[in-house]
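**Q** For reference, the structure I am asking about is given below.
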Amino acid sequence: DSGVTQTPKHLITATGQRVTLRCSPRSGDLSVYWYQQSLDQGLQFLIQYYNGEERAKGNILERFSAQQFPDLHSELNLSSLELGDSALYFCASSASGGQGGSVYGYTFGSGTRLTVV
Amino acid sequence: GIQVEQSPPDLILQEGANSTLRCNFSDSVNNLQWFHQNPWGQLINLFYIPSGTKQNGRLSATTVATERYSLLYISSSQTTDSGVYFCAVDLYGNNRLAFGKGNQVVVIP
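Sequence order for the protein chains is X and U.
Residue numbers for the first sequence, in this note's numbering: 742 to 858.
Residue numbers for the second sequence, in this note's numbering: 270 to 378.
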């Protein structure tokens, strides 16, 4: 167990629907990162939150949004789903999130496998 | 943006063999990490290695930051080493990683 918890592990939904993926970071970590892993794009950074505030955006579609709550868990919301959104979505956490980085890098959760049919 | 290239893309090893995976990156980086993705999809952090050499059991890694490459060595490979190895770099020291496409490793008994 990495300490980063993602739920659900698997999700199957239809095109046009909306889903929410949840992530609880490792105890004490303030930063949460979301990544998407797809066959054609590989692993891509989507968005980062640090202590409740959005810190950076990567290749995240406008149909996608995220937030980090006061208890530091995070949710990634995916709406108007398309077949191409089928992917493995990872959450990672780290102790820091700003300049200087984390001495030990960061830790990934087990991922949520989303299948859009 | 920064380019991260890994080679070889695919590797088949006999159990007990040694191998070297390479990661080239196109710009100076603040951080470099190696991850192993097992057949169940889980990403495991192997090394945080912006420079120098580290060893962990049968695995070791070396990063030569001035020449913009890193190497991951697998010695006496086992079937459990199968999976995809990813190199990821952090350009600005903010922990946002750019990943290579990975090295797919299959270890056969």
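Note that CB positions come from ideal geometry on N, CA and C, so glycine has one too.
Could you tell me if Asn307(U) is buried or exposed, where buried requires 16 or more neighbouring beta carbons within 10 angstroms of its beta carbon?
**A** Label assigned to Asn307(U): exposed.
**Q** Determine the chain B residues that contact Thr853(X) at a beta-carbon separation under 8 Å, and present them in chain order.
**A** Reference to chain B is not applicable here, since the protein chains of this structure are X and U.
**Q** I want to verify the contact list: residues of chain X whose CB lies under 7 Å from the CB of Phe368(U), in sequence order.
**A** In chain order: Gly783, Leu784.
**Q** Residues in the region 785–799 of chain X with C-beta within 8 Å of chain U's C-beta atoms, listed in sequence order?
**A** Listed by position, the residues of the region 785–799 of chain X near chain U (Cβ gap below 8 Å) are Gln785, Phe786, Gln789, Arg796, Ala797, Gly799.
**Q** Taking a cut of 7 Å between CB atoms, which residues from the region 304–324 of chain U lie near chain X?
**A** Of all residues in the region 304–324 of chain U, Gly310, Gln311, Leu312, Asn314, Tyr317 have a Cβ within less than 7 Å of some Cβ in chain X.
**Q** Taking Cβ-Cβ distances shorter than 8 Å, what residues in chain X pair up with Arg365(U)?
**A** Within 8 Å Cβ-Cβ: Tyr774, Phe786, Gln789, Ala797, Gly799.
**Q** When the cut-off is 8 Å and only beta carbons count, does Leu752(X) lie next to chain U?
**A** Chain U, which has no Cβ nearer than 8 Å to the Cβ of Leu752(X), makes this no.
**Q** Report the option in Val375(U), Thr348(U), Leu341(U) whose CA atom is closest to the CA atom of Leu301(U).
**A** The shortest Cα separation from Leu301(U) among Val375(U), Thr348(U), Leu341(U) belongs to Leu341(U).
**Q** Exposed or buried, Asn363(U), counting other C-beta atoms within 10 Å across all chains shown (16 or more means buried)?
**A** Buried, by the Cβ-count rule.
**Q** Tell me, which residues are paired with Glu794(X) by DSSP?
**A** Beta-bridge pairing links Glu794(X) to Tyr791(X).
**Q** Listing by chain order, which chain X residues have their CB less than 7 Å from the CB of Tyr294(U)?
**A** The identity of residue 294(U) in the sequence shown is Phe, whereas the question assumes Tyr. Within 7 Å Cβ-Cβ: nothing; Phe294(U) doesn't reach chain X, min ~15 Å.
**Q** Taking DSSP as the reference, what is the three-state secondary structure of Gly310(U)?
**A** Coil, per DSSP.
**Q** Which chain U residues are close to Tyr847(X), counting only those with a beta carbon under 7 Å from its beta carbon?
**A** Within chain U, the residues near Tyr847(X) are Asn364.
**Q** Scan the region 803–815 of chain X for residues whose Cβ lies nearer than 7 Å to a Cβ of chain U and list them as they occur along the chain.
**A** The region 803–815 of chain X vs chain U, Cβ under 7 Å: nothing.
**Q** Determine whether the beta carbon atoms of Thr856(X) and Ser827(X) lie at a separation below 8 Å.
**A** Against a cut-off of 8 Å, the Cβ pair of Ser827(X) and Thr856(X) comes out as a contact.
**Q** Rounded C-beta distance between Leu771(X) and Asn792(X)? I'm assuming under 8 Å.
**A** About 5 Å separates the two Cβ atoms, so the contact holds.
**Q** If you drop the 5 nearest sequence neighbours on each side, which residues of the same chain put their C-beta closer than 7 Å to that of Ser806(X)?
**A** Same-chain partners within the cutoff: Asn818.
**Q** Any Cβ of chain U within less than 8 Å of the Cβ of Ser835(X)?
**A** Cβ-Cβ to chain U under 8 Å: yes for Ser835(X).
**Q** Any heavy atom of the ligand ZN closer than 7 Å to the CB of Ala836(X)?
**A** The model on display carries no ligand, and the ligand ZN is accordingly not part of it.
**Q** Count the other C-beta atoms from every protein chain shown that fall within 10 angstroms of the C-beta of Gln324(U), then say buried if there are 16 or more, exposed otherwise.
**A** It counts as exposed.
**Q** Among Gly270(U), Phe304(U), Gly285(U), Pro378(U), which residue has its Cα nearest to the Cα of Arg291(U)?
**A** Nearest of Gly270(U), Phe304(U), Gly285(U), Pro378(U) to Arg291(U), Cα basis: Phe304(U).
**Q** With 16 as the cutoff for other CB atoms within 10 Å, does Trp309(U) come out buried or exposed?
**A** It counts as exposed.
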